[in-house]
Amino acid sequence: MEDKFIEVKQLYKTFHTKKQDIEVLKGIDLSVEKGEIYGIVGFSGAGKSTLVRCINRLEEPDSGSVKIGDKEITALGKAQLNEQRRKIGMIFQQFNLFDSMTVAQNIAYPLKLTGTSSKEADARVEEMLALVGLTEKKNAYPGELSGGQKQRVGIARALANRPDVLLSDEATSALDPQTTLSVLDLLKEINKKLGLTIILITHELEVIKYTCHRMAVMEDGKILEKGPVRDIFQNPECATARNFIGVYNKFRSDYWQEDAE
Numbered sequence: 046m047e048d049k050f051i052e053v054k055q056l057y058k059t060f061h062t063k064k065q066d067i068e069v070l071k072g073i074d075l076s077v078e079k080g081e082i083y084g085i086v087g088f089s090g091a092g093k094s095t096l097v098r099c100i101n102r103l104e105e106p107d108s109g110s111v112k113i114g115d116k117e118i119t120a121l122g123k124a125q126l127n128e129q130r131r132k133i134g135m136i137f138q139q140f141n142l143f144d145s146m147t148v149a150q151n152i153a154y155p156l157k158l159t160g161t162s163s164k165e166a167d168a169r170v171e172e173m174l175a176l177v178g179l180t181e182k183k184n185a186y187p188g189e190l191s192g193g194q195k196q197r198v199g200i201a202r203a204l205a206n207r208p209d210v211l212l213s214d215e216a217t218s219a220l221d222p223q224t225t226l227s228v229l230d231l232l233k234e235i236n237k238k239l240g241l242t243i244i245l246i247t248h249e250l251e252v253i254k255y256t257c258h259r260m261a262v263m264e265d266g267k268i269l270e271k272g273p274v275r276d277i278f279q280n281p282e283c284a285t286a287r288n289f290i291g292v293y294n295k296f297r298s299d300y301w302q303e304d305a306e
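When the sequence shown is numbered by our numbering, its final residue is 306 and no position is left out of the sequence of numbers.
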């Protein structure tokens, strides 16, 4: 399938400090097909999070373009951008929930911002609670939830406005392995059920292998390699990908060797 849904072209971003200018993105070119889960992997400081925040313009790129569907995000004015952002959900590593709000209120928050009626918002919240398996936690507060449950609330909130795109910025990095697996299974289910296009940012290669259709490898603000996950795992071309896969294979090898002993 060659149905390009998200297109990033020659994206540059520099952060300016009193001491120096830090070039974080150095000419990023990327295309994501509609309905796929696309993974972006890289070490800390590679520019992954900045890239995903430029896609929805939480960060303003210096130059280049981002297009989602038929909308060029980088060309939109403030009012148009706010409208378009309703179609771009985002989940974060630290959940970003309101501690003083119940689970239902957290999920309803973006709906209130868009002027959704109370009746429609209540129905949507119930739908999202069922989707992420938290119906019984409707009136609980974030402080009463596990990390995995908090991330499920974050996912439900991100989906409340029926987005076309879901951006996941290290969403499983703070979770234990079993909880990570359950969240990834949920994302795969949502992708299949809703046809949602997902961009998944991570430094965990096992997350990419388990979840994604295609992937890109980032280092020092550049994409060094991209393609189907299977192809890159079987034949990594750049040193960064080889390093990641070498470490991944070593952990697996050491685990099985210790288990056999």
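Note that beta-carbon positions come from the ideal geometry of N, C-alpha and C, so glycine has one too.
Considering only DSSP beta bridges, list what residue i is partnered with.
i	result
Asp214	Phe137 and Ile246
Val111	Val53
Tyr186	According to DSSP, Tyr186 bridges with nothing at all.
Ala261	Ile85 and Lys271
Val77	Ile51
Ile67	Phe60
Glu117	Lys112
Rounded to the nearest angstrom, how far is the Cβ of residue i from that of residue j, given a contact under 8 Å?
i	j	result
Tyr154	Phe143	7 Å
Leu232	Ile243	6 Å
Leu156	Asn101	18 Å between Cβ atoms; not a contact.
Leu212	Ile133	7 Å
Lys49	Ser76	5 Å
Lys267	Lys71	5 Å
Ile67	Leu56	About 15 Å separates the two Cβ atoms, so there is no contact after all.
Output needed for residue i: all residues of its chain with C-beta closer than 7 Å, excluding positions within five of it in sequence on either side, in chain order.
i	result
Glu22	This structure cannot settle anything about residue 22, because the visible part of the chain is limited to 46 through 306.
Glu81	Thr242, His258 and Arg259
Arg130	Asn101
Ile25	Coverage of the chain is limited to positions 46 through 306, which leaves residue 25 absent and any answer about it impossible.
Lys195	Phe140, Leu142 and Pro187
Ala203	Gly134, Met135, Ile136 and Leu211
Tyr300	In this prediction, Tyr300 has a pLDDT of 47, which is less than 50 and means its spatial position is unreliable; what the coordinates show is noted afterwards. Correct list: empty, nothing qualifies.
Asp107	Tyr57, Lys58 and Thr59
Met46	Its pLDDT being 45, under 50, Met46 is placed unreliably in this model, and the value from its coordinates should be taken loosely. Excluding sequence neighbours, Met46 sits near Glu78.
Less than 6 Å between C-beta atoms, sequence neighbours within five positions excluded: which residues of the same chain meet that for residue i?
i	result
Ala149	Val170 and Lys183
Val292	none
Gly240	Gly80
Ala201	Ile152, Met173 and Val177
Ala91	Met263 and Glu264
Pro281	Arg287 and Ile290
Asn236	Ile82 and Ile243
Leu269	Val262, Cys283 and Thr285
Pro208	Lys132, Ile133 and Gly134
For residue i, which residues of its own chain have a beta-carbon under 8 Å away from its beta-carbon, when the five flanking residues on both sides are left out?
i	result
Glu306	Caution is warranted here: a pLDDT of 45 is assigned to Glu306, below 50, making its placement in the model unreliable, and no coordinate value can be reported.
Arg197	Val177, Gly178, Leu179, Val228 and Leu231
Leu20	No answer is possible for residue 20: it lies beyond the span of the chain, which begins at 46 and ends at 306.
Gly122	none
Thr147	Lys183, Asn184, Ala185 and Tyr186
Any contact of the stretch 112–120 with the stretch 191–198, i.e. 3+ C-beta pairs under 8 Å? Cβ pair count under 8 Å is below three, so no.
Sequence ranges, alpha helix (DSSP H) only - wholly within the stretch 152–203, length at least 4: Correct list: 163–177.
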